[in-house]
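Colleague:
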Amino acid sequence: MSEPARQAPSPETALRSSASTAPLRDWLAIMRATVSETKPVETQEVEPAPVETDIEARSAAWSPRLVSAAAKSAEAADEDVAEIMAENMMLKARLRIEAERRDELQIILAQEIRELRAHIAEEVGKMEDLRSERDLWRARCEALAAPLFQVQPR
Numbered sequence: 001m002s003e004p005a006r007q008a009p010s011p012e013t014a015l016r017s018s019a020s021t022a023p024l025r026d027w028l029a030i031m032r033a034t035v036s037e038t039k040p041v042e043t044q045e046v047e048p049a050p051v052e053t054d055i056e057a058r059s060a061a062w063s064p065r066l067v068s069a070a071a072k073s074a075e076a077a078d079e080d081v082a083e084i085m086a087e088n089m090m091l092k093a094r095l096r097i098e099a100e101r102r103d104e105l106q107i108i109l110a111q112e113i114r115e116l117r118a119h120i121a122e123e124v125g126k127m128e129d130l131r132s133e134r135d136l137w138r139a140r141c142e143a144l145a146a147p148l149f150q151v152q153p154r
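Quick note on UniProt numbering: the sequence shown kicks off at 1 and runs consecutively.
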């Protein structure tokens, strides 16, 4: 094998590398170009040479058009299927990204809720301390005021 042939990238690896870095539309354009390059060669090999008779000479317009129309509709169907599959892959990727975002948001929200609960528990604890302090002062005040309100005998 010659040296340049070893170094030249194969069309398959070139398509893979460009498809992995290019956007979806570029990938579809490459796929369509590849399909359009390969299909005419195949259809030329498959199509039989038309045999001209008097009937076919008069109505030559319909028979090749039907064969080519069928080939074109098959190409169009293949392109449509390829486009639908590419769109499906793109939608699945978007769905996966959205699911990951949702999971990240749920994790963030759970952490925020934990922090809020801890803050609320801290504030409730402070309120309980204030209530117990209030009750202590109330008891002291009542103890100090009790002698003032006692009725003294005359």
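By construction, the Cβ of each residue, glycine as well, lies at the ideal position given by its N, Cα and C atoms.
1) So for residue 158, helix, strand or coil by DSSP?
2) Count the other CB atoms within 10 Å of the CB of W27; is the residue buried (16 or more) or exposed (fewer)?
3) Report all residues from its chain with a CB closer than 7 Å to the CB of E83; omit the five preceding and five following residues, and keep chain order.
4) Rounded to the nearest angstrom, what separates M90 and A110 at their Cα positions?
5) Please report the straight-line C-alpha distance between L24 and A99, rounded to a whole angstrom.
6) Can you give the Cα-Cα distance for G125 and R114, rounded to whole angstroms?
Modeller: Taking the coordinates as given:
1) The requested residue 158 does not occur in the structure, where the chain is confined to residues 1 to 154.
2) buried
3) L28
4) 30 Å
5) Their backbone Cα atoms lie some 21 Å apart in a straight line.
6) Inter-residue distance for G125 and R114 is about 16 Å (C-alpha atoms, whole angstroms).
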